[in-house]
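For the sequence shown, my numbering assigns the number 604 to the initial residue and increments by one for each residue that follows.
Even glycine gets a Cβ: it sits at the ideal position worked out from N, Cα and C.
Given the structure is predicted, the values throughout are model-derived calculations rather than measurements.
The structure under discussion appears below in the form of structure tokens.
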Amino acid sequence: MKLNIACIEGDGIGPEIVTEAKKILDKVALVYGHEIVYTNVLLGGASIDVHGVPLTDEAVEAAKAADAVLMGSIGGDTTTSPWYKLPPNLRPEAGLLGIRKALNLFANLRPAVLYEELSDACPLKKEISSAGFDMMIMRELTGGLYFGERHTTEENGIRKAVDTLTYDENEIRRIAVKGFDIAMKRKKKVTSVDKANVLDSSRLWRKVVDEVAVDYPEVTLEHMLVDNCAMQLVKDPAQFDVILTENMFGDILSDEASMVTGSIGMLASASLNDSKFGLYEPSHGSAPDIAGKGIANPIATILSAAMMLRYSFDLDKEADAVENAVKSILKKGYRTIDIMSEGCTQVGCKEMGDLLADEIN
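So, in structure tokens, the structure goes:
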């Protein structure tokens, strides 16, 4: 099978972790008889440095021409980088939002799994972490507060900023359908998270989710307010299967979920449109403070590549091989610094990639 993949290395540790993910994909292609064609695409700060803007029309077209997109990380140090002296629409993150919108990537899948081998790295109490957890956070990605109308004004000498949170029922329905479809392949439970006691947008969200649930009688649906969900993620994460929520809530909750797994460096991510096309990236940031030091954890990016094999190419066997390699290497005691624990062997970014590649046979 020929896999046409657009690669966005991005900023900070992005080039390092994408290099290791490509190493794994190349090994998969060798073992299972596939051909991979990579197209390099600039986005974020890397694009600003070359083109003066975080996203070009050419970059969008290159991404659209591929079967899937593999991305590292976008952005830099917001206090020191010259990128953050630019207007908001010209900063690195504007490119990320722009490509998500241009590719219609409305459904973000963020699995959060506590591996048995990393239970010691979990910051929760032993009686909580010992139960383990395996959840999927389904985040709406192209609507809500991040894409609503915004402006900053000055009234009577007082500065005022306005951000608008908007959802229509079609935007809610399509992400809800994706969430219930994923739940049918898992433990058949959806927790829809909103703020319906305060927000009109959340009240509409809840009504539409209830309407979608009628078509999935095998799935158990519960509604939960976002503040309670944030608490429950650290109190009893094992209760969750699929968490379905809007853009900003999902952004925050998925980062919280990643940390209770032991490290944000373990959390993969997929952003899908109505077809099999998707953009795959780690959930962590660009970590400019450790860029170039060779200590970044590439596992989240590698697991994102496994999600690409599964969701965009229907290569379940190959995806399983990558995920099993991660489990095997963790069981053998190899760790990057962010998940290091006593008695284990610390390795760098490249070494972790080499070890994982060697496991795929």
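Helix, strand or coil for residue i, going by three-state DSSP, please let me know.
i	result
L708	coil
L633	helix
N643	strand
E774	helix
G675	strand
M955	helix
A669	coil
A568	The displayed coordinates of the chain run from 604 to 964. Any statement about residue 568 would go beyond what the structure contains.
G613	strand
E638	strand
S684	coil
K790	coil
Using the C-alpha atoms, what's the distance from residue j back to residue i?
i	j	result
G617	A764	32 Å
L959	A609	22 Å
R777	E849	12 Å
E758	W686	29 Å
S684	A871	26 Å
R806	D629	47 Å
A779	S804	15 Å
I611	V644	5 Å
L912	T755	43 Å
I940	G613	22 Å
V817	D797	19 Å
R938	G897	13 Å
K838	E752	36 Å
T948	S676	26 Å
N607	D854	29 Å
I627	E719	23 Å
A734	L721	13 Å
K934	F709	35 Å
Could you work out which residue in the options is closest to residue i when comparing CA atoms only?
i	options	result
N800	M910, A779, A924 and N831	N831
E623	R694, C952 and L882	C952
S866	I639, L717 and A666	L717
I731	T904, V863, L658 and E772	V863
**Asked** Are at least three pairs of beta-carbons, each pair with one atom in the region 809–817 and one in the region 774–785, less than 8 Å apart?
**Response** Flag = yes, the region 809–817 and the region 774–785 touch.
**Message:** Is it the case that the region 912–928 contacts the region 696–710, given that we only count it when at least three CB pairs across the two stretches are under 8 Å?
**Reply:** Because the criterion of three Cβ pairs below 8 Å is not met, the region 696–710 and the region 912–928 do not touch.
**Request:** Decide if the region 667–679 is in contact with the region 832–847; the criterion is three or more beta carbon pairs, one per stretch, under 8 Å apart.
**Result:** Judged by Cβ distances under 8 Å, the region 667–679 makes no contact with the region 832–847, as fewer than three pairs qualify.
**Prompt:** In chain order, which continuous runs of the alpha helix (DSSP H) of length 4 or greater are located wholly inside the region 699–775?
**Reply:** Entirely contained in the region 699–775, the alpha helix (DSSP H) runs reaching 4 residues are, in chain order, 729–732.
**Prompt:** Contact between the region 901–910 and the region 736–749: three or more CB pairs below 8 Å?
**Reply:** The region 901–910 vs the region 736–749: no contact.
**Prompt:** Enumerated in chain order, which unbroken segments of the beta strand (DSSP E) with a length of 3 residues or greater are wholly contained in the region 860–914?
**Reply:** If we require 3 residues or more, the beta strand (DSSP E) runs fully inside the region 860–914 come out as 873–875 and 881–883.
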